[in-house]
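First residue of the sequence shown: 13, per our numbering; consecutive thereafter. The structure appears right after this line, and notes come after that.
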Amino acid sequence: MLLKFSCSVDSENIFKRFPNLRNLGFRMDCSAAGQIYSPRLDVLNKLESVYIFQDGCTHVHQFDFYFPSSLKEIYLDGINLTSDALSGIGRSLPDLQTLQLLHTSIKRGMEWNMEQVAFQNLKSLEMYKVPFSEWQITADESFPVLEQLEIRYCTELKENP
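Shown next as structure tokens:
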């Protein structure tokens with residue numbers, strides 16, 4: 013089941029009603045949002061997998077997600093993030109094993125700088141149509157246990173790491 017949330021609604025009280033959720037998927041509708049609320053998923057202490065989809069928005073919104081440290085899988089589709097927000101995922105989620113970025117924009121520049129960031133347990137990273145041109149990593153330190161890397165249709169990426 014895929015839920016639909018308005019970005020103009022504070023979702024923290026909604027998520028508190030489902031403390032045992034392990035898997036969650038939802039679509040964010042920001043088309044009519046005046047004030048934007050970022051999803052407060054950190055109240056879901058047992059959440060292991062999340063799929064967040066944003067589609068059809070006429071405005072570009074920047075989201076700062078609040079993820080619980082229990083997450084093992086994140087799938088972001090159509091979401092706008094900064095390089096710092098992406099790196100923050102690595103710093104704050106020690107058990108993350110799968111990260112999938114689909115049609116995800118990296119704002120405030122075309123660079124994802126991960127030289128000081130480590131995804132300690134990330135085994136799978138997939139990027140599909142992510143418009144960034146530079147990716148600065150230290151492969152053996154940034155992704156020490158990475159087993160699968162898929163980079164598809166990232167046409168602006170100048171060189172693979």
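Where is the CB? At the ideal position from N, CA and C, for every residue including glycine. Fair warning: this is a prediction, and the values are worked out from it, not measured in the lab.
### Query
Name the DSSP bridge partner or partners of Leu137?
Leu137 pairs with Leu111, Leu161.
### Task
List the whole-angstrom C-beta distance separating Met139 from Ile163, where the pair is believed to meet the contact cut-off of C-beta under 8 Å.
By a beta-carbon distance limit of 8 Å, Met139 contacts Ile163. Their separation comes to about 5 Å.
### Query
Rounded C-beta distance between Pro80 and Leu59? I'm assuming under 8 Å.
Confirmed, Cβ separation roughly 5 Å.
### Query
Can you name the start and end residues of the alpha helix (DSSP H) that Ile64 belongs to?
Premise fails: Ile64 lies in the beta strand (DSSP E), 61-66, not in any alpha helix (DSSP H).
### Task
In angstroms with no decimal places, state the Cα-to-Cα distance between Leu158 and Pro143.
Cα to Cα, Leu158 sits roughly 22 Å from Pro143.
### Message
Let's test the definition: count the other Cβ atoms within 10 Å of the Cβ of Gln66 and tell me whether it reaches 16, buried, or not, exposed.
### Response
In summary, Gln66 is buried, with 16 or more beta-carbon neighbours lying within 10 Å of its beta-carbon over all protein chains present.
### Close Cβ partners of Glu168 (< 8 Å) along its chain, the five nearest in sequence each way excluded
For Glu168, same chain residues with a beta-carbon under 8 Å away, outside a window of 5 residues either side, are Met122, Pro143, Phe144, Ser145 in chain order.
### Task
Please report how far the alpha carbon of Pro31 lies from the alpha carbon of Glu127, in whole angstroms.
Cα to Cα, the separation comes out at about 35 Å.
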